[in-house]
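So the protein sequences, as listed, match chains P and U.
So for the first sequence, my numbering puts the first residue at 1; every next one is plus one.
So for the second sequence, my numbering puts the first residue at 1001; every next one is plus one.
Have a look at the structure below, then the notes.
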Amino acid sequence: MKTEDCRHWKEALGAYALGHLSREERAGIEAHLEGCAACRAEADSLMSVARLLPHADPAQFGPAPQPPPELGKRIAATIGSERRAQRRQRRWRFGLGFGGAAAAAAAAAVLAIIVLGGGGGSGEPEQHIAFNALPKGVKIGATLKPQAFGTEIDMYVKGIRSGTLCRVYMRGPDGRDVSAGTFRYRWGGDSAATLSAALDLSRAEALVVHAGQRTFVAPLDRDATTNNSSPQEEETT
Amino acid sequence: MPPGALTDERDVREAYAAHAPELYGFAVRSLGDSGLAEEAVQETFLRAWRAGERFDPQIGSLRTWLFAILRNVVIDLGRARAARPGVAEKGIEPTVEPFDEALLSWQIEEAMRRIGEQHRQVLVETYYRGRPYAEVAEELGVPEGTVKSRVYYGLRALRVVLEEMGYED
């Protein structure tokens, strides 16, 4: 009896949800809803759909416009050319990196010959230097290795503007700066550079780095067993 | 990178095949101009591809993500248009309906297109045109009770389609 009842009312629930029933029909259905949780839930659900109807425009119910076929091809072509450009750029960067490594290897080979021929460096251990008094986010460090020709300097830089020119010097005992060369900080990531200066590590007083307009000086420990330097920033000249 | 990220050109092609008709249909509806709509859809897929590594299916569906990108694109296009007065003056003024209202309208209209013709027809006649059930029944040559039950099943179908489309109220 109950299910029979529900079927009878259920099919009127749509018209009820849309407010299309007469007063008597509405009274009848509401009496049923009061006693039937299932129909009540169905009525609530249909009413939530009915509430959306005013947002739609029946003039828009016809077939939706379709994207023109060439749109997909155009997007694929644009993405394809962007991807190829990316690949080229990656290859180019890789090429540079590889070239750098090859140059370093060549330099190492030359160095080995000098070392073998010249009987080695001063025997001092290498020194690690971390510049401490730096702007926030900036890191500059260096490893200094005594070599027969003077000092090998492995620079490590992070956090300064890409493209910044860095000039590196070693300060000798007479206060004169001996150039160790230049490098540019690139790509916003970490940057390492291997440089060399014609000054024995044992005679060096400080490592000087000009990064753009700023100058950072890290005094070297004459006693190489304590490697912590107390660097400071000089006034910009 | 989350699994399912949109990084491959093939991923983009598949996403386009699955969602471009909807995105385009909506873009036409909200921008009121098929040329602008093409521009918006193209920009949406390019941005999606460039940011493809950030798409995570664990967080939301691809469809939702693409619509979110389209939303930004449409807003940007609106800004660009506002900065160039006169451009939009020919023909029909593109609608300035806020995006979310336009999206809601479009979703219901799309759902209406997807339900059966008979169901859509009775909803249009009785609800949108406000015609009496008896009149509609006579015109269709069916009993009035049939119109009533079609209204019921039509609303149910609409609910199912909206759920399939990811609509949540």
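Backbone N, C-alpha and C fix where the C-beta goes; we use that ideal spot for every residue, glycine too.
Enclosing alpha helix (DSSP H) for residue i [first to last residue]
{"i": "P219/P", "result": "That residue, P219/P, is in no alpha helix (DSSP H); its beta strand (DSSP E) goes 214-219."}
{"i": "Y1016/U", "result": "1009-1031"}
{"i": "I140/P", "result": "Unbroken run through I140/P is the beta strand (DSSP E), 139-147; no alpha helix (DSSP H)."}
{"i": "A43/P", "result": "37-50"}
Which of helix, strand or coil DSSP assigns to residue i
{"i": "A106/P", "result": "Its pLDDT being 48, under 50, A106/P is placed unreliably in this model, and the value from its coordinates should be taken loosely. Note: A106/P maps to helix in three-state DSSP."}
{"i": "V1147/U", "result": "helix"}
{"i": "T25/P", "result": "What sits at residue 25/P in the sequence shown is Glu, not Thr. Three-state DSSP puts E25/P in a helix."}
{"i": "G181/P", "result": "strand"}
{"i": "I160/P", "result": "coil"}
{"i": "G1166/U", "result": "coil"}
{"i": "D174/P", "result": "coil"}
{"i": "L195/P", "result": "strand"}
{"i": "D241/P", "result": "This structure leaves residue 241/P out entirely; chain P is present only between 1 and 237."}
{"i": "G72/P", "result": "helix"}
{"i": "G150/P", "result": "strand"}
{"i": "T78/P", "result": "helix"}
{"i": "G117/P", "result": "Reliability of the predicted coordinates at G117/P is poor, the pLDDT of 35 falling under 50, and the value obtained from them is presented with this limitation in mind. Here G117/P sits in helix by DSSP."}
Limits of the unbroken beta strand (DSSP E) element including residue i
{"i": "I207/P", "result": "Going by the sequence as given, residue 207/P is Leu instead of Ile. Note, L207/P: beta strand (DSSP E), 206-211."}
{"i": "V168/P", "result": "165-171"}
{"i": "A130/P", "result": "127-130"}
Best match in the options for proximity to residue i [C-alpha to C-alpha]
{"i": "R1156/U", "options": "L1103/U, L1023/U, I1115/U", "result": "I1115/U"}
{"i": "T1007/U", "options": "E1038/U, Y1024/U, A1027/U, L1062/U", "result": "L1062/U"}
{"i": "Q86/P", "options": "V1147/U, Y1016/U, R1050/U", "result": "R1050/U"}
{"i": "G1052/U", "options": "P1021/U, A1037/U, I1069/U", "result": "I1069/U"}
{"i": "V49/P", "options": "S22/P, L71/P, G14/P, P63/P", "result": "G14/P"}
{"i": "I153/P", "options": "G159/P, R161/P, I140/P, I160/P", "result": "I140/P"}
{"i": "A198/P", "options": "I75/P, V217/P, H55/P, L144/P", "result": "L144/P"}
{"i": "A148/P", "options": "R171/P, Y185/P, M170/P, D200/P", "result": "D200/P"}
{"i": "L33/P", "options": "A12/P, R203/P, D57/P, R83/P", "result": "A12/P"}
{"i": "L1103/U", "options": "E1144/U, M1165/U, G1145/U", "result": "M1165/U"}
{"i": "V1028/U", "options": "Y1016/U, Y1152/U, V1041/U, A1017/U", "result": "V1041/U"}
{"i": "E42/P", "options": "L53/P, H210/P, A17/P, E24/P", "result": "A17/P"}
{"i": "Q213/P", "options": "E30/P, L220/P, I160/P", "result": "I160/P"}
{"i": "Q60/P", "options": "E1101/U, W1106/U, Q1121/U, W1065/U", "result": "W1106/U"}
{"i": "G150/P", "options": "A206/P, K10/P, S196/P, R88/P", "result": "S196/P"}
{"i": "P1143/U", "options": "R1159/U, G1130/U, E1009/U, V1122/U", "result": "V1122/U"}
{"i": "E1163/U", "options": "W9/P, L46/P, R7/P", "result": "L46/P"}
{"i": "A218/P", "options": "A180/P, M170/P, V178/P", "result": "M170/P"}
{"i": "R1131/U", "options": "W9/P, H8/P, D5/P, L21/P", "result": "L21/P"}
{"i": "A1020/U", "options": "Q1058/U, S1034/U, L1066/U", "result": "L1066/U"}
{"i": "E1038/U", "options": "Q1118/U, E1139/U, F1055/U, Y1016/U", "result": "Y1016/U"}
{"i": "R74/P", "options": "F1099/U, L1046/U, F1055/U", "result": "L1046/U"}
{"i": "E1009/U", "options": "S202/P, A204/P, G72/P, V178/P", "result": "G72/P"}
{"i": "G181/P", "options": "G175/P, V209/P, A204/P, D174/P", "result": "V209/P"}
{"i": "R1071/U", "options": "E1101/U, D1056/U, E1125/U, R1054/U", "result": "E1101/U"}
{"i": "P177/P", "options": "E205/P, R184/P, E24/P", "result": "Before going on, a small fix: residue 177/P reads as Asp here, not Pro. Comparing Cα-Cα distances from D177/P to each of E205/P, R184/P, E24/P, the minimum goes to E205/P."}
{"i": "R203/P", "options": "H55/P, M155/P, P173/P, F183/P", "result": "P173/P"}
{"i": "E1014/U", "options": "S1034/U, S1030/U, V1160/U, A1048/U", "result": "A1048/U"}
Meets three-Cβ-pair contact criterion under 8 Å: the stretch 1105-1116 of chain U and the stretch 1065-1079 of chain U: Proximity of the stretch 1105-1116 of chain U to the stretch 1065-1079 of chain U falls short of the contact definition, fewer than three beta-carbon pairs being nearer than 8 Å.
Inter-stretch contact (C-beta, 8 Å, three-pair minimum) for the stretch 71-82 of chain P and the stretch 1135-1147 of chain U: Segments in contact, no.
Alpha helix (DSSP H) segments (min. 4 residues) lying fully within the stretch 1045-1089 of chain U: As far as the stretch 1045-1089 of chain U is concerned, its whole alpha helix (DSSP H) runs of at least 4 residues are 1062-1082.
At least three beta-carbon pairs within less than 8 Å, the stretch 161-177 of chain P to the stretch 125-139 of chain P: Not touching, per the Cβ criterion.
Stretch-stretch touch, CB-based, cutoff 8 Å, three pairs: the stretch 54-70 of chain P with the stretch 1020-1028 of chain U: With the cut-off at 8 Å, the stretch 54-70 of chain P and the stretch 1020-1028 of chain U touch.
Uninterrupted alpha helix (DSSP H) stretches inside the stretch 1096-1134 of chain U (no shorter than 4 residues): If we require 4 residues or more, the alpha helix (DSSP H) runs fully inside the stretch 1096-1134 of chain U come out as 1099-1114, 1117-1122.
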